[in-house]
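The numbering used here applies: residue 24 is where the sequence shown begins, and numbers increase by one. Heads up, the beta-carbon is just placed ideally off N, CA and C, and yes, glycines get one too.
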Amino acid sequence: RQYRPEQLRQVLHKMYLIRRFEEGAEECYMRGLIHGTMHLSIGQEASAMGICMPLAEDDQITSTHRGHGHCIAKGAEVSRMFAEFFGKTTGYCKGRGGSMHIADVAKGNLGAN
Numbered sequence: 024r025q026y027r028p029e030q031l032r033q034v035l036h037k038m039y040l041i042r043r044f045e046e047g048a049e050e051c052y053m054r055g056l057i058h059g060t061m062h063l064s065i066g067q068e069a070s071a072m073g074i075c076m077p078l079a080e081d082d083q084i085t086s087t088h089r090g091h092g093h094c095i096a097k098g099a100e101v102s103r104m105f106a107e108f109f110g111k112t113t114g115y116c117k118g119r120g121g122s123m124h125i126a127d128v129a130k131g132n133l134g135a136n
């Protein structure tokens with residue numbers, strides 16, 4: 024399969040977004056702003072994009088406990104992911120799922136283990 028340069032730029036942009044998101048999540052966690060556990064996927068950005076890039080919009084995924092990158096690669100809104108981390112009702116699971124259990128069925132993300 025061949026990808027156009029613009030598609031590859033979008034992949035790099037999303038990989039960068041995943042990395043920055045994870046760094047922000049780590050900082051918030053280390054400052055005690057996020058409770059519970061936090062399993063980051065720093066260094067696995069290319070894996071998330073490599074898995075999700077060829078998927079159709081209506082394809083569905085599940086993920087591991089290090090699933091933040093997969094969520095973002097599949098189109099999750101980072102603001103709603105952070106809301107989930109902070110236990111806010113505006114999070115993907117109304118603040119009840121936390122870091123490891125983000126799900127967005129509308130985007131084809133069925134959640135993680």
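- The DSSP-derived three-state label of ILE125 is coil.
- Residues GLU107, HIS124, ILE125 and ALA126 of the same chain have their beta carbon placed closer than 7 Å to that of CYS116, with the five preceding and five following residues left out of the count.
- Restricting attention to PHE105, THR85, ARG42 and MET61, the CA atom closest to the CA of ASN132 is found in THR85.
- If you draw a straight line from the Cα of SER70 to the Cα of SER64, it is about 10 Å long.
- Within the region 71-133, the runs of alpha helix (DSSP H) at least 4 residues long that lie entirely inside it are, in chain order, 91-96 and 101-108.
- Annotated as distal: LYS130 and GLY92, with beta-carbon spacing of 8 Å or more.
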